[in-house]
Amino acid sequence: MRSLSKLQRVAIFFLITGILGPLAPLTIASLAFRWGWPDLLPSIWWWEKRDTLQVPLAWDYIFDPVSRVVPAMQNTILIALCVTLLALIISLPAAKVLATQNFKGKSLFELFLAAPLIVPEMAVSLGMLLVFLQFGLQGNLVAIIIAHLVPVIPYMVRVLTVIYGELDKGMLDQAALLGASRYQIFRYVEFPLILPGILAAALFSILISTNIFLLTFYVGQGQVDTLATLLFSKIRGGGALDPVSAGLTLVIILPGLLFLAFTHRTLKEEVFSGGLNKS
Amino acid sequence: MSKGTQSMNLLKKLISACLLNTAVLFPAYAADKDIDIFRSDFVSGKLSWSEVEKRAREEGTVNWFHWGGSEQLNSWIERVVVPKMADKGITLKTTRIAGTRDAVDLVLTELAAGRELGHGSVDAIWLNGDNFYTLSKQEALFGSFADKVPNSKYFEFDQDNPRAQLNLSDFGTPTQAREMPWSGEQYICYLDSKRLSRANAPKDFVELEIWLEKNPGRFTYVKPPHYIGNTFVQTALYSFNPSGQGYKEFQRPITSFTADEFTKLVQPGFEYLKRIEPHLLGGDTPFYPQNQSVNQSLYNNGEVDFACEFGLYLVHNNIKTGTFSETTETLAFPSSGMIKNKNFLAIPKNAPHPAAALVFTNVMSSLELQISKLKDIGYPLGADIWKLSGAEALAAKAAEPALHGVTADELGRLAVSDTNASLVKVIEKIWVDYIEKKSSLPFGEIVAKQIVSN
Chain A
2 MRSLSKLQRV AIFFLITGIL GPLAPLTIAS LAFRWGWPDL LPSIWWWEKR DTLQVPLAWD
62 YIFDPVSRVV PAMQNTILIA LCVTLLALII SLPAAKVLAT QNFKGKSLFE LFLAAPLIVP
122 EMAVSLGMLL VFLQFGLQGN LVAIIIAHLV PVIPYMVRVL TVIYGELDKG MLDQAALLGA
182 SRYQIFRYVE FPLILPGILA AALFSILIST NIFLLTFYVG QGQVDTLATL LFSKIRGGGA
242 LDPVSAGLTL VIILPGLLFL AFTHRTLKEE VFSGGLNKS
Chain B
44 MSKGTQSMNL LKKLISACLL NTAVLFPAYA ADKDIDIFRS DFVSGKLSWS EVEKRAREEG
104 TVNWFHWGGS EQLNSWIERV VVPKMADKGI TLKTTRIAGT RDAVDLVLTE LAAGRELGHG
164 SVDAIWLNGD NFYTLSKQEA LFGSFADKVP NSKYFEFDQD NPRAQLNLSD FGTPTQAREM
224 PWSGEQYICY LDSKRLSRAN APKDFVELEI WLEKNPGRFT YVKPPHYIGN TFVQTALYSF
284 NPSGQGYKEF QRPITSFTAD EFTKLVQPGF EYLKRIEPHL LGGDTPFYPQ NQSVNQSLYN
344 NGEVDFACEF GLYLVHNNIK TGTFSETTET LAFPSSGMIK NKNFLAIPKN APHPAAALVF
404 TNVMSSLELQ ISKLKDIGYP LGADIWKLSG AEALAAKAAE PALHGVTADE LGRLAVSDTN
464 ASLVKVIEKI WVDYIEKKSS LPFGEIVAKQ IVSN
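Protein chains in written order, with my numbering: chain A, 2 to 280; chain B, 44 to 497.
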């Protein structure tokens with residue numbers, strides 16, 4: 002690997018501080034008992050006080066069953082995975098058509114797709130609850146998963162449309178000429194080519210799903226805890242970053258990070274060593 | 044911000060309009076006959092408590108929605124309340140919410156979809172003021188229960204007793220026993236004795252102005268329409284009430300005032316707030332924190348020397364958790380009157396488990412839990428001390444956390460009632476127009492406009 006130029010080093014430095022920078026005070030805050038002006042670092046740390054109080058502090062609270070972080074994490078991941086899978090099944094064909102075909106009212110349809118992003122979340126949430134109540138479909142995971150599809154699909158279709166737009170149709174034709182079946186074409190040519198796009202779209206979907214609060218609360222009738230509902234019940238309205246809020250904020254980053262770590266290998270193998278470049 | 048609030052309000056109106064129109068399209072989940080009979084029998088006093096408890100065991104669950112921002116509170120509920128409810132054969136499921144408004148909206152949406160008693164999702168909400176007013180106005184409450192559960196004996200519900208006021212009226216809205224008093228609060232201020240000595244701290248609004256001129260930028264208050272900000276403004280209005288009657292006129296509903304009368308009542312207070320504004324934090328571009336936690340951050344970061352919010356034992360609780368420095372003390376400000384009120388447990392009209400909800404409110408108002416809550420997490424008694432026996436009152440006294448620099452007698456002497464909810468709405472709008480937007484209209488016209496638009 003050749004060494005980096007000065008400019009590149011500076012760029013990487015800013016990139017890393019930009020991404021990791023905000024996490025530093027967050028981590029410190031999550032470990033503090035008392036951190037006030039004018040101290041640069043906490044004057045009393047959490048571990049100095051943890052045995053003197055009957056209530057669990059900071060990370061003790063987060064790991065205590067009372068915080069409900071573990072079931073909330075399970076719910077969050079389960080919801081995000083189901084939403085992503087369903088959204089992919091719905092969005093892939095839609096994106097393919099949008100990228101490759103022209104039809105009457107296409108731009109209107111694209112605008113329609115983005116509608117849930119334009120309408121305020123409050124209106125979408127209460128409206129959706131009203132409809133769900135009609136079907137007796139509320140207050141559970143299924144309702145939340147269906148509800149999350151609404152803000153996720155528009156993003157996903159957008160990302161996948163771009164990917165399909167860049168896909169060289171010639172490659173699919175070549176495979177067909179060589180006698181590949183439709184399934185084989187999809188499995189061995191089309192799918193590997195769009196995989197990076199799928200993973201990017203899936204990451205989007207997971208990040209969005211893990212952060213939806215209002216929709217989760219109303220459609221779930223407050224009966225299902227997720228990391229977002231726990232965090233929002235702590236910090237909504239802004240304000241002091243107490244140790245538990247700071248810790249929860251760090252915890253809520255986990256599902257996205259896990260997914261990144263998980264897909265990192267796949268991306269590397271499929272895209273960079275597969276030798277399939279767009280030429 | 045105010046524009047945001049306005050459009051938010053508009054949005055809410057639109058949503059509720061839509062909800063009302065669509066309601067007719069939905070299949071009704073009307074209350075079952077049996078559950079409706081239970082409700083009317085209980086409210087009219089025909090049911091014995093053991094019958095209620097039996098039904099509650101059959102229901103098996105109760106869903107309580109409460110503000111969940113405090114680890115101490117959440118832990119206390121899990122540790123103390125959940126086992127007590129389990130003894131009664133009921134599983135307590137709590138939903139931790141950031142804003143009580145969310146639970147109220149959930150109830151109203153369900154009602155709009157035709158979900159009546161037994162078919163909603165919320166059994167009890169911890170609330171007061173605005174949110175109770177909304178549920179009451181929308182007729183979304185279960186009914187008069189608070190004076191009928193056994194532990195109501197610890198609460199003064201006698202209409203003829205002036206001390207019952209805090210239980211009978213919630214920000215001026217008659218409670219009619221449709222909510223159970225659970226906890227009390229008083230508006231206090233706190234200072235860091237290391238930065239500002241008690242002797243140098245202002246004691247009333249006149250002294251505050253002089254103090255601010257000497258120490259510009261060292262104080263601010265939470266921005267209305269947040270209730271903490273509203274309360275500060277109300278306290279100032281009480282203090283400058285030209286009749287000298289302080290809080291008295293502010294107990295009346297807005298409909299009992301002409302625009303002229305109301306202008307006269309509040310003008311001196313608002314002029315005062317306008318006068319001190321340039322000396323608040325930020326000076327020419329005054330900074331009003333969005334809520335009490337932002338205000339606490341300003342205080343902890345040394346940007347202001349003292350701050351005010353609700354919390355009789357706030358200083359004690361926050362020193363305990365490390366939020367405040369050890370040198371933080373309570374300040375009795377202003378000497379013209381510090382607003383005191385209670386907060387309550389309300390049961391919505393469409394509670395899915397109404398009997399369990401009744402048992403829950405009874406457990407929460409038991410003396411044992413009232414004292415445990417006071418001792419463990421520093422939430423003041425909801426029960427009325429004069430309704431307790433000698434031994435009970437002593438036990439309650441012994442459980443009181445430290446007040447840090449003031450005495451209970453002093454705070455008790457300065458306690459005044461909060462403002463009628465219908466006035467609160469008008470006052471917050473006048474503040475936004477007159478102080479925040481710096482409206483150029485004469486003050487009387489601002490008031491008239493807001494009264495009409497209300």
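C-beta: ideal position from N, C-alpha, C; glycine also.
Are the C-beta of residue i and some C-beta of chain B separated by less than 9 Å?
i         : result
A:Leu-58  : yes
A:Val-245 : yes
A:Gly-140 : yes
A:Ala-229 : no
A:Ala-148 : no
A:Pro-66  : yes
A:Gln-135 : yes
A:Leu-27  : no
A:Gln-75  : no
A:Ala-144 : no
A:Leu-24  : no
A:Ala-12  : no
A:Phe-34  : yes
Can you have a look at residue i and say buried or exposed, based on whether 16 or more other CB atoms are within 10 angstroms of its CB?
i         : result
A:His-265 : exposed
B:Asn-171 : buried
A:Thr-18  : exposed
B:Ser-118 : buried
A:Ile-90  : exposed
B:Ser-496 : exposed
A:Phe-214 : buried
B:Lys-291 : exposed
B:Glu-346 : buried
B:Gln-229 : buried
A:Pro-1   : There is no way to answer for residue 1 of chain A, as the model of chain A reaches only from 2 to 280.
A:Trp-38  : exposed
Take residue i and list the residues in its own chain whose beta-carbon comes closer than 6 Å to its own, dropping the five residues that flank it on each side.
i         : result
B:Ile-319 : Glu-252 and Leu-255
B:Asn-258 : none
A:Leu-232 : Leu-249 and Ile-253
Can a CB atom of chain A be found closer than 9 Å to the CB of residue i?
i         : result
B:Thr-364 : yes
B:Arg-158 : yes
B:Arg-139 : yes
B:Asn-258 : no
B:Asn-117 : yes
B:Asp-145 : yes
B:Phe-403 : no
B:Val-105 : no
B:Trp-110 : yes
B:Lys-392 : no
B:Arg-122 : yes
B:Ser-373 : Residue identity check: residue 373 of chain B is Thr in the sequence provided, not Ser. Chain A, which has no Cβ nearer than 9 Å to the Cβ of B:Thr-373, makes this no.
B:Val-469 : no
B:Asn-343 : yes
B:Ser-368 : yes
Identify, in the order they occur along the chain, each residue of the same chain with its Cβ nearer than 8 Å to the Cβ of residue i, setting aside the five sequence neighbours on each side.
i         : result
A:Asp-65  : Pro-57
A:Ala-144 : Phe-133, Leu-138, Val-220 and Gly-221
B:Glu-121 : none
B:Leu-184 : Leu-178, Arg-221, Glu-222, Ala-389, Ile-390, Pro-391 and Lys-392
B:Arg-238 : Gly-345 and Asp-348
With a CB to CB cut of under 7 Å and the five nearest residues on each side skipped, what residues in its chain are close to residue i?
i         : result
B:Asn-174 : Thr-143, Arg-144 and Val-147
Could you tell me whether any non-hydrogen atom of the ligand PLP is closer than 8 Å to the CB of residue i?
i         : result
B:Ala-183 : Judged by which ligands are present, the structure shown has none, so any question about the ligand PLP falls away.
* **Stretch-stretch touch, CB-based, cutoff 8 Å, three pairs: the segment 196-215 of chain A with the segment 73-89 of chain A** => yes
* At least 3 beta-carbon pairs within less than 8 Å: the segment 367-386 of chain B vs the segment 142-151 of chain B -> no
* Taking Cβ-Cβ distances below 8 Å as the criterion, which residues of the segment 37-53 of chain A are in contact with chain B? -> Gly-37, Trp-38, Pro-39, Ile-45 and Lys-50
* Interface residues of the segment 197-221 of chain B facing chain A [CB-CB below 9 Å] -> none
* To do: Would you list, in chain order, the members of the segment 167-195 of chain B that have their beta-carbon closer than 7 Å to a beta-carbon of chain A?
  => none
* **Three-pair Cβ contact test at 8 Å for the segment 320-334 of chain B versus the segment 4-20 of chain A** => no
* Asked: Below 8 Å, can you find three or more Cβ-Cβ pairs linking the segment 104-113 of chain A to the segment 165-179 of chain A?
  -> no
* What residues in the segment 195-224 of chain A have a beta carbon less than 9 Å from any beta carbon of chain B? -> Phe-214, Leu-215, Phe-218, Tyr-219, Gln-222, Gly-223 and Gln-224
* Asked: Any chance the segment 103-113 of chain B sits against the segment 395-410 of chain B, with 3 or more Cβ pairs inside 8 Å?
  -> yes
* To do: Take every Cβ of the segment 190-199 of chain B, pair it with every Cβ of the segment 149-163 of chain B, and state whether three or more of those distances are shorter than 8 Å.
  => no
* Could you say if the segment 300-313 of chain B and the segment 280-289 of chain B meet the contact criterion of at least three C-beta pairs nearer than 8 Å? => yes
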